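Enquirer: The sequence shown runs 95 to 229 under the working numbering. The beta carbon of each residue, even a glycine, is placed where N, CA and C say it ideally should be. Computed from a predicted structure; not experimentally measured.
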Amino acid sequence: MKQQQFTWGPRTISFWMAALISLGITFIGIRYALQPLKASIAFGLSLPDGPTALYGSIKGIRDVFSGLTLAYLLYSRNVRATAFIFMFATCIPIVDASVVYQAHGFSNMPAFLIHSCTALYGIINSMLLFRDSKR
């Protein structure tokens, strides 16, 4: 009996988990670029109105870049590179949760939990991606 060759892509859960993050962070980046004040409130740290709100646009373009970079890795189907980049990028929601906690403690629990759960999601998918890279 012929053994089937493993191909990482749309038939794997790790691919779709990474795709969800790619779409999500791209959307968040576009929202920051277009509506930095509203997006910052959803993040858990509201920006003051005025020129300071432009920091949201800076964050936005970086988020769009991150999302599109991950989209390219998915397109190229390079599971090993995707695994490493995804693992490294998991530090972002960890730091985000820490910053929200430093600013508000647990008084802004929804924002803290969103960042913390995103970090956990990233850790889990990193493990799945590394597993898939060894198949």
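Taking the alpha carbon of Ser108 as the point to measure from, which residue in Arg171, Val193, Ser192 has its own alpha carbon closest?
Expert: The residue with the shortest Cα to Cα distance from Ser108 is Arg171.
Enquirer: Taking all protein chains shown into account, do 16 or more other C-beta atoms lie within 10 angstroms of the C-beta of Gly103, making it buried, or fewer, making it exposed?
Expert: Flag for Gly103 reads exposed.
Enquirer: Phe206: buried (16+ other C-beta within 10 angstroms of its C-beta) or exposed?
Expert: Looking at its Cβ environment, which holds 16 or more other Cβ atoms inside 10 Å, Phe206 is buried.
Enquirer: If we count the other Cβ atoms within 10 Å of its Cβ and call it buried at 16 or more, is Ser220 buried or exposed?
Expert: Counting Cβ neighbours within 10 Å, Ser220 comes out buried, since at least 16 surround it.
Enquirer: Buried or exposed, going by whether 16 or more other CB atoms sit within 10 Å of the CB of Pro130?
Expert: Its Cβ being crowded by 16 or more others within 10 Å, Pro130 is buried.
Enquirer: For Phe224, which of Leu162, Ser160, Arg174 has the nearest alpha-carbon?
Expert: For the residues Leu162, Ser160, Arg174, the minimum Cα distance to Phe224 belongs to Arg174.
Enquirer: Which term fits Val194, buried or exposed, when burial requires 16 or more other beta carbons within 10 angstroms of its beta carbon?
Expert: By the neighbour-count rule (16 or more Cβ atoms within 10 Å), Val194 is buried.
Enquirer: Tell me whether Thr101 is buried or exposed, calling it buried when 16 or more other Cβ atoms sit within 10 Å of its Cβ.
Expert: That one is exposed.
Enquirer: For Ile208, tell me which candidate among Thr163, Tyr169, Ile186, Leu141 has the shortest Cα-Cα distance.
Expert: Comparing Cα-Cα distances from Ile208 to each of Thr163, Tyr169, Ile186, Leu141, the minimum goes to Ile186.
Enquirer: When the Cα atoms are used, what is the spatial distance from Pro145 to Arg125?
Expert: One C-alpha to the other measures close to 17 Å.
Enquirer: Going by DSSP, what residue range makes up the alpha helix (DSSP H) through Gly123?
Expert: It spans 107-128 - the alpha helix (DSSP H) in which Gly123 sits, taken as one unbroken run.
Enquirer: Between the alpha carbons of Ala213 and Phe180, how many angstroms are there, rounded?
Expert: If you take the alpha carbons of Ala213 and Phe180, they lie about 11 Å apart.
Enquirer: What is the rounded straight-line gap between the Cα of Lys228 and the Cα of Ile122?
Expert: Spanning the two alpha carbons is a distance of roughly 32 Å.
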